[in-house]
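Novice:
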Amino acid sequence: MNRESVQSSMIASLGYEADTSTLEVEFNSGAIWQYYDVPESVYYDMMNSGSVGKFFHSNIKGQYREAQVG
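What follows is the structure in C-alpha cells.
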C-alpha cells in the first residue's frame, strides 16, 4: 500500500486502500499497523487534522480491528 509522509512526532506515514477500507499507519518506531473497516472520510479527516497523533488516539486506536503487518 502506498503511504504518504505526515508531520507527527509519533506517525511517519499513512496510507488508505478504498477497496478494502483499510488504513495503514507507519509509526516512527518502524512498526506498521493496519486498521480495518475505516471509512474513507476518517482517513481524509486524519490527513487534514492539526495533529495526526491526537486524531489517531481519539478516533482510530481502539475503534477498529487492527493487525501489525510490519
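In my numbering, the protein residues as written are 1101 to 1170. Just so it is clear, CB atoms sit at the ideal spot from N, CA and C, and this is done for glycine as well.
Am I right that residue 1136 and residue 1165 are in contact with their C-beta atoms under 8 angstroms? What's the rounded C-beta distance?
Specialist: Position 36 of the sequence shown, counted from the first residue, corresponds to residue 1136. Position 65 of the sequence shown, counted from the first residue, corresponds to residue 1165. Indeed, because the Cβ distance is near 4 angstroms, the residues count as touching under 8 angstroms.
Novice: Which residue from 1113, 1155, 1125 and 1158 puts its Cα closest to that of residue 1169?
Specialist: As a first step, residue 1169 must be located in the sequence shown, where it is residue number 69. Closest by C-alpha distance to residue 1169, out of 1113, 1155, 1125 and 1158, is 1125.
Novice: According to the Cβ coordinates, are residue 1156 and residue 1147 closer than 8 angstroms?
Specialist: Working through the sequence shown from its first residue, we reach residue 1156 at position 56. Working through the sequence shown from its first residue, we reach residue 1147 at position 47. No.
Novice: Under the three-state reduction of DSSP, which class applies to residue 1125: helix, strand or coil?
Specialist: The residue given as residue 1125 occupies position 25 in the sequence shown. In the structure shown, residue 1125 sits in a strand (DSSP, three-state: E or B).
Novice: Give the DSSP-derived three-state secondary structure of residue 1109 in the structure shown.
Specialist: Against the sequence shown, residue 1109 aligns to sequence position 9. Reduced to three states, the DSSP call for residue 1109 is coil.
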